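First to last, the sequence lines map onto chains B and L. Residue numbers for the first sequence follow my numbering, beginning at 1 and rising by one. Residue numbers for the second sequence follow my numbering, beginning at 1001 and rising by one. Cβ coordinates follow ideal geometry from the N, Cα and C atoms, glycine included. Computed from a prediction, not measured in an experiment: that's the story for all the values here.
2 protein chains.
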Amino acid sequence: MSLLVLGTVAFDTIETPFGKAERIIGGAGTYVAWAASHFYQDIKLVSIIGDDYPEAELAALRARGVDTTGLEVRKGEKSFFWAGRYHNNMNSRDTLATELNVLADFNPKLPAAYTEVDYLMLGNFAPAVQMQVINQITRRPKLVVMDTMNFWMDIALEDLKKVIAKVDVLTVNDEEARQLSGEHALPKAAKAIHAMGPKTVVIKKGEHGALLFHEGQTFFAPAMPLETVFDPTGAGDSFAGGFIGYLAKTDDISFANMRRALIHGSAIASFCVEKFGPTRLQEIQPADIQERLQQFKNLMHVDF
Amino acid sequence: MSLLVLGTVAFDTIETPFGKAERIIGGAGTYVAWAASHFYQDIKLVSIIGDDYPEAELAALRARGVDTTGLEVRKGEKSFFWAGRYHNNMNSRDTLATELNVLADFNPKLPAAYTEVDYLMLGNFAPAVQMQVINQITRRPKLVVMDTMNFWMDIALEDLKKVIAKVDVLTVNDEEARQLSGEHALPKAAKAIHAMGPKTVVIKKGEHGALLFHEGQTFFAPAMPLETVFDPTGAGDSFAGGFIGYLAKTDDISFANMRRALIHGSAIASFCVEKFGPTRLQEIQPADIQERLQQFKNLMHVDF
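Quick look at the structure:
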């Protein structure tokens, strides 16, 4: 039993209407690992950083049960860097800078202990890198979840489709589901994506919640209506991390449990947006999560 | 026990990516009455039409239990007419024509039997007309629900606020809630609207569901994910009609029952969009509604 997480570990500079955070830690791998660690502690992280990445942040991850032996540290090089500015409604953003740095020629090498895992989370990364990880796995995991983004649909669609064909669950946002499938209506988009391979499709709608499609069944998980969304960065990754972390903890991939996992992902994502970067994911305690889950129960409760 | 419904009764010409429907019946009063009639049959309609309106449609309403003695028919004049064209995503539309006709100088006169009702639905109408109806009510109803739209916020905000101050429940869409309150975050918008009078605020988000805010509690009702949205016209009115029709039927205005009523409103609205105009509202049978409610249960079911 282990959860293997692939995803970028990086620096972000983020501007929102509330302020600016310079070169804070970020990246899909960071958010997924922190989010999943609230439910499950046997996590193995595969990624790459330069020697500019703060050792204290790696130590904090290790203290959460995250194995970083698969995190390549390249001497004399810089970590991936992204800078972006959110618009006033927080629903759209402009990318101000992207510096690939160590990502430019990353070829992941899984340590032996990483090659037999029960849960695999392929966080957002170049499809070719996601495929390299799949190819080094020696025993089929119980569940492979993949996240991606429109960027890869634009520049590497064929590679992307090869990875999609190999996973159990694809998580994309609504616009990405439309782009990938060519269908506007989300139930039709999910059907088209099922036909590409994944038996389960999660369509993330940000503040509008998420839909789970699986063998003709559909589940809807709302997002918590929040008074303040401080920084949306990493919300989708946190959602995916909470989702797979809960599945790994409970070791149950039934549709009924995936419904629960989606709520747990929504709960973790609702914390993520409350402060800049992964700050809230690093602060929250089990009691905070229990309280938020109770708020979700209140939000969703109806008998008819 | 009666439900009084105010709302336009009109002709619409509707263009969607699927086709065009010329001069079909429409108007908020038509949609609210048809929607509510699936749950409750003692409905009194107050509105105005010209002598161009088809008698068969009025007979169909009366056969559903809708009292039309408060529907003024003005000889030699034409009914209200609206024409619009939906964009490809169905989320936005252009108004192509608005002919007020009989609406230009409508001053509703409630028949005596209309002045003591338990439920009052002020469908979308000029705030001054909504106020005239309130002023003719001789006994405070158990519940007054009001719908409105951004148009009245633009041209009659002071009148609108006077009506809002007198109602128990305000239903508006998300953009209207933001415009009315000046707040972007919907929980903040709801608080600001509570301060204007309504103890209960329903914020409609179309395909993204609806939020119910009441005394610090929040409930979220999803919309049914549909493969085809044929014509969104009247969906919000149908939602409001299903909501108040269910409340009138059960005669229970507790928050727990409002949660159920919101699901019933969502179910009725999900039928409305399946064909042009109110066609589906006129076709569906109790078994169809029961089946749709079961689909909502499946969509929402989770235990955690």
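Determine whether the beta carbon atoms of D237/B and Y31/B lie at a separation below 8 Å.
Residue numbering aside, residue 237/B sits at position 237 when the first sequence is read from its first letter. Residue numbering aside, residue 31/B sits at position 31 when the first sequence is read from its first letter. Cβ distance < 8 Å, so D237/B and Y31/B count as in contact.
Is it buried or exposed, Q1285/L, if we count other Cβ atoms within 10 angstroms and call 16 or more buried?
Along the second sequence, one-based indexing puts residue 1285/L at 285. Q1285/L is classed as exposed because its beta carbon has fewer than 16 other beta carbons within 10 Å across all chains shown.
Relative to the alpha-carbon of F1255/L, which residue among A112/B, N298/B, I25/B has its alpha-carbon at the smallest distance?
For the purposes of this step, residue 1255/L is taken as the residue at position 255 of the second sequence. Considering only A112/B, N298/B, I25/B, the residue with the shortest C-alpha distance to F1255/L is N298/B.
Can you tell me which of the three DSSP states Y1053/L falls into?
Taking the second sequence and counting its residues from 1, one reaches residue 1053/L at position 53. Three-state DSSP puts Y1053/L in coil, outside helix and strand.
Could you tell me which residues DSSP puts in a beta bridge with F11/B?
Residue numbering aside, residue 11/B sits at position 11 when the first sequence is read from its first letter. According to DSSP, F11/B bridges with I25/B, F81/B.
Can you find a CB in chain B that lies within less than 8 Å of the CB of F1220/L?
Here residue 1220/L corresponds to residue number 220 of the second sequence, with the count starting at 1. Interface residue, yes.
Using the beta-carbon of each residue, which ones in chain B are nearer than 9 Å to N1150/L?
Reading the second sequence from its first residue, position 150 is the one you call residue 1150/L. Those within 9 Å of N1150/L in chain B number zero; the least Cβ separation is about 17 Å.
Taking 8 Å as the CB-CB limit, is N298/B close to chain L?
If you number the first sequence from 1, residue 298/B lands on position 298. Yes - at least one Cβ of chain L is within 8 Å of the one on N298/B.
So which residues on chain B does L1186/L lean against when the C-beta distance must stay under 8 Å?
On the second sequence, residue 1186/L is found 186 positions in, with the first residue counted as 1. Per Cβ cutoff of 8 Å: P225.
What residues are listed by DSSP as bridge partners for I203/B?
Within the first sequence, residue 203/B is the residue found at index 203, counting from 1. DSSP, once it has assigned bridges, lists V172/B, L211/B as partnering I203/B.
By the criterion of Cβ-Cβ separation under 9 Å, what are the contact partners of L1180/L in chain B?
For this step, residue 1180/L is matched to residue 180 along the second sequence. By Cβ distance, chain B contributes nothing, its closest Cβ being about 17 Å from L1180/L, past 9 Å.
Could you tell me which residues DSSP puts in a beta bridge with T16/B?
In the first sequence, counting from the first residue as 1, residue 16/B sits at position 16. According to DSSP, T16/B bridges with G19/B.
Take the Cβ of Q1290/L as the centre, count every other Cβ of all protein chains shown within 10 Å, and call the residue buried at 16 or more, exposed below.
Residue numbering aside, residue 1290/L sits at position 290 when the second sequence is read from its first letter. Counting Cβ neighbours within 10 Å, Q1290/L comes out exposed, since fewer than 16 surround it.
To test your reading of the DSSP string, which unbroken alpha helix (DSSP H) runs of 4 or more residues are found completely within the segment 1065 to 1113 of chain L?
none
Any residues in the segment 1163 to 1174 of chain L with a beta carbon nearer than 9 Å to a beta carbon of chain B? Which ones, in chain order?
none
Is M1196/L near the ligand SAH - that is, is its Cβ less than 7 Å away from at least one heavy atom of it?
With respect to small molecules bound, the structure shown includes none, and the ligand SAH cannot be examined in it.
Compare the C-beta of Q1217/L with all C-beta atoms of chain B and state if any pair is closer than 8 Å.
Here residue 1217/L refers to the residue found at position 217 when the second sequence is read from its first residue. Chain B, which has a Cβ nearer than 8 Å to the Cβ of Q1217/L, makes this yes.
When the cut-off is 8 Å and only beta carbons count, does F239/B lie next to chain L?
Locating residue 239/B in the first sequence gives position 239, where the first residue counts as 1. No, F239/B does not count as interfacial toward chain L.
For the alpha helix (DSSP H) that Q1217/L lies in, which residues bound it at each end?
Locating residue 1217/L in the second sequence gives position 217, counting from the first residue. It is not in any alpha helix (DSSP H) - Q1217/L instead sits in the beta strand (DSSP E) that spans 1217 to 1221.
Is G312/B near G7/B, with beta carbons less than 8 Å apart?
In the structure displayed, chain B extends from 1 to 304; residue 312/B sits before or after that span and is not available.
Check the DSSP bridge columns for D1147/L and list the partner residues they point to.
Residue mapping note: residue 1147/L aligns to position 147 of the second sequence, counting from 1. DSSP, once it has assigned bridges, lists T1171/L as partnering D1147/L.
Anything in chain B within Cβ reach of L1293/L, meaning under 9 Å, just list it in chain order.
Taking the first residue of the second sequence as 1, we reach residue 1293/L at position 293. Under the 9 Å cutoff, chain B gives F304.
Which residues share a DSSP beta bridge with S47/B?
For this step, residue 47/B is matched to residue 47 along the first sequence. Paired residues: L71/B.
The segment 1192 to 1209 of chain L: which residues have C-beta closer than 8 Å to a C-beta of chain B, in chain order?
K1205, H1208, G1209
For V1005/L, does the three-state DSSP call read helix, strand or coil?
Translated into the one-based positions of the second sequence, residue 1005/L becomes position 5. Strand, per DSSP.
Three or more C-beta pairs under 8 Å: does that hold for the segment 1203 to 1221 of chain L against the segment 273 to 283 of chain B?
no
Does DSSP put Y1119/L in a helix, in a strand, or in coil?
Position 119 of the second sequence, counting from 1, holds the residue named residue 1119/L. Note: Y1119/L maps to strand in three-state DSSP.
Tell me where the alpha helix (DSSP H) around P127/B begins and ends.
The residue given as residue 127/B occupies position 127 in the first sequence. Run containing P127/B: 127 to 136, per the alpha helix (DSSP H) assignment.
Which residue marks the beginning of the alpha helix (DSSP H) containing A1190/L, and which one marks its end?
Position 190 of the second sequence, counting from 1, holds the residue named residue 1190/L. Per DSSP, the continuous alpha helix (DSSP H) segment holding A1190/L begins and ends at 1186 to 1194.
Kindly say whether T1030/L, judged by its beta-carbon, lies nearer than 8 Å to any beta-carbon of chain B.
In the second sequence, counting from the first residue as 1, residue 1030/L sits at position 30. Answer no: the Cβ-Cβ gap between T1030/L and chain B never drops below 8 Å.
If you draw a straight line from the C-alpha of A1028/L to the C-alpha of D1012/L, how long is it?
The residue given as residue 1028/L occupies position 28 in the second sequence. The residue given as residue 1012/L occupies position 12 in the second sequence. Cα-Cα distance, rounded: 11 Å.
Are the beta-carbon atoms of Y119/B and I244/B separated by less than 8 Å?
Taking the first sequence and counting its residues from 1, the one referred to as residue 119/B is at position 119. Taking the first sequence and counting its residues from 1, the one referred to as residue 244/B is at position 244. Against a cut-off of 8 Å, the Cβ pair of I244/B and Y119/B comes out as a contact.
Excluding the 5 residues preceding and the 5 following W1152/L in the sequence, name in chain order all residues of the same chain whose CB lies nearer than 6 Å to its CB.
Within the second sequence, the letter at position 152 stands for residue 1152/L. Correct list, in chain order: P1127, L1160.
Report the residue from L1293/L, V1273/L, T1250/L whose alpha carbon sits nearest the alpha carbon of I1263/L.
Here residue 1263/L corresponds to residue number 263 of the second sequence, with the count starting at 1. Measuring from the Cα of I1263/L, the nearest candidate turns out to be L1293/L.
Are the beta-carbon atoms of K199/B and D168/B separated by less than 8 Å?
Locating residue 199/B in the first sequence gives position 199, where the first residue counts as 1. Locating residue 168/B in the first sequence gives position 168, where the first residue counts as 1. Yes, these two residues count as a Cβ contact at 8 Å.
Thinking V364/B and P222/B are a contact (beta carbons under 8 Å), I'd like their distance in whole angstroms, please.
No answer is possible for residue 364/B: it lies beyond the span of chain B, which begins at 1 and ends at 304.
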